[in-house]
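The next block holds one structure in the form of structure tokens; read it before the comments.
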Amino acid sequence: MDKPMFAHRNRYYLTSKLIFWFTIFIFLILLYCLRSCFYYYSSSNRPRHILQSGWDSLVAQSATPADPDCNLSILVTGAAGFVGFHVSLALKKRGDGVVGVDNFNRYYDPSLKRDRAKILERNGVFVVEADINDSELLEKLLSIGKFTHVVHLAAQAGVRYAMKNPDSYIHSNIAGLISVLESIKSANPQPALIWASSSSVYGLNSKVPFSEKDRTDQPASLYAATKKAGEEIAHAYNHIYGISITGLRFFTVYGPWGRPDMAYFSFTKDILKRKRIMIYEGPNQRSVARDFTYVDDIVKGCLAALDTAEKSTGSGGKKTGPAQLRVYNLGNTSPVMVKKLVSILEKLLKVEARKQVLPMPRNGDVMFTHANLSLAETELGYKPTTDLQTGLKNFVKWYLYYYYFQSEKSVM
Ligand SMILES: NC(=O)c1ccc[n+]([C@@H]2O[C@H](COP(=O)([O-])OP(=O)(O)OC[C@H]3O[C@@H](n4cnc5c(N)ncnc54)[C@H](O)[C@@H]3O)[C@@H](O)[C@H]2O)c1
1 MDKPMFAHRN RYYLTSKLIF WFTIFIFLIL LYCLRSCFYY YSSSNRPRHI
51 LQSGWDSLVA QSATPADPDC NLSILVTGAA GFVGFHVSLA LKKRGDGVVG
101 VDNFNRYYDP SLKRDRAKIL ERNGVFVVEA DINDSELLEK LLSIGKFTHV
151 VHLAAQAGVR YAMKNPDSYI HSNIAGLISV LESIKSANPQ PALIWASSSS
201 VYGLNSKVPF SEKDRTDQPA SLYAATKKAG EEIAHAYNHI YGISITGLRF
251 FTVYGPWGRP DMAYFSFTKD ILKRKRIMIY EGPNQRSVAR DFTYVDDIVK
301 GCLAALDTAE KSTGSGGKKT GPAQLRVYNL GNTSPVMVKK LVSILEKLLK
351 VEARKQVLPM PRNGDVMFTH ANLSLAETEL GYKPTTDLQT GLKNFVKWYL
401 YYYYFQSEKS VM
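Counting in UniProt numbering, the sequence shown runs from 1 upward without gaps.
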């Protein structure tokens, strides 16, 4: 074999080897990029729905009212929650376009939230799985949906959990509220906002019944403090950006599809399981009392607030004039002692409770709540109609079906 021929072949092998390894190298880089991309979408907090094709047309369809001339288009945050579920269904039933947002967090059993969401989806309400702190997503939703109103119910609820996980209250009730307000501020047109504050803002106030004019500067829990902060934040956004805002102070809402962390719910569970229940009382055996409000009454109050809300005056971040700012109590005006609640449950469940009476620990709970409803009655036409006996009967019926006899299909 002559030398030049050998050198030529050698060069040829070297070049093909180089090309081979270079191709492998490029392939590995591409693979790495693809993997990182996939990892970003699947492991970050990006909502699952974003990955579905046709996601935006589902949002647009769900936001479209039955009759655009007389129905509204509403974004409901916390739609898979207790109140959000009932409000979304009621709005959809009257012909409004409704889109829900919920992060399905694990504060209580998420399968209950999933079951509520399934019912909403069967009724034509699309629920986007996302955190309200995802401002990019909120802005996208507001631009697709062209919502007239936002009903903001997503929050970290519950008073006692703040001692375990204070950050969750800051995340959802402070940062989350600001994220919602920022998205509304930039939207064009700006939707009006109706949001859930709480009776807990009255804190240690001892003047009864609680009126919207009473002081709210003595919160007894971090939850109450975040709701009070929310009312102040709402004031600032209304003042600077012309967002029409209505805050609703709910008083102990109960009913079917309720929240498992609330006393009426956990008492029912424990009474049926023959487990001991703790009933707390104040100094000198003073009973704890609550202004229990049936969820259908709360829904009527929310809808009345929506229907009387004026338009925001801002657009694209600029205010053009003063905008409406309101706060209402939504309660029941008839506080009931917790002992009485237990005796109604005992009769409905036909089981005697194993009660243990203990002094109330300092965990954020207050001794009593009692709503003055004159303002809501005059301006919203709000009049609760369900007494505790009737409301608990409906709740117990739902509870037994849901947990003992059937799946979600038969309980609506
Ligand atoms: N139920 C009551 O007795 C009562 C009383 C006073 C005020 N409120 C207020 O009413 C509203 C609704 O309460 P509820 O009883 O239906 O509570 P809920 O916990 O059942 O509903 C809240 C929903 O919001 C969702 N959520 C929480 N943080 C979120 C976040 N960062 N992003 C997206 N979704 C999030 C949760 O997953 C949940 O589904 C809350 O603002 C609550 O503070 C309720």
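Think of the CB as a built atom: it goes at the ideal place given N, C-alpha and C, for glycine as much as any other residue. Since the structure is predicted, the reported quantities are computational estimates derived from the model, not experimental observations.
- For Thr246, the beta-bridge partners assigned by DSSP are Ile194, Arg326.
- In terms of CA proximity to Ile194, Ala309 leads the group Glu182, Ala309, Leu400.
- If you ignore the 5 residues before and after Gln156, its C-beta comes within less than 6 Å of the C-beta of Ser168, Tyr169, Ser172, Asn173, all in its own chain and listed in chain order.
- Here the stretch 315 to 330 lies against the stretch 242 to 251, with 3 or more beta-carbon pairs under 8 Å apart.
- A Cβ-Cβ separation of about 7 Å places Tyr264 in contact with Leu392 under the 8 Å criterion.
- Put simply, the backbone Cα of Tyr223 is about 14 Å away from that of Leu204.
- Lys340 carries a helical assignment under DSSP once its states are collapsed to helix, strand and coil.
- Under DSSP, Val76 shares a beta bridge with Gly100, Val151.
- In the structure shown, Tyr280 falls within a strand segment according to DSSP collapsed to helix, strand and coil.
- Of the candidates Trp398, Gly158, Ala234, the residue whose Cα lies closest to the Cα of Ala220 is Gly158.
- Shown here, Thr268 sits in a helix according to DSSP, grouped into three states.
- In this structure, ligand 1 has no non-hydrogen atom nearer than 6 Å to the beta-carbon of Ala220.
- Measuring C-alpha to C-alpha distances from Gln389 to each of Lys355, Leu373, Val336 identifies Val336 as the nearest.
- The stretch 106 to 137 is shown to contain whole beta strand (DSSP E) runs of 3 or more residues at 126 to 129, in chain order.
- Assigned with DSSP and collapsed to three states, Gln156 falls in coil, not helix or strand.
- Not a single heavy atom of ligand 1 lies less than 6 Å from the C-beta of Lys300.
- Beta bridge pairing from DSSP links Val87 with no other residue.
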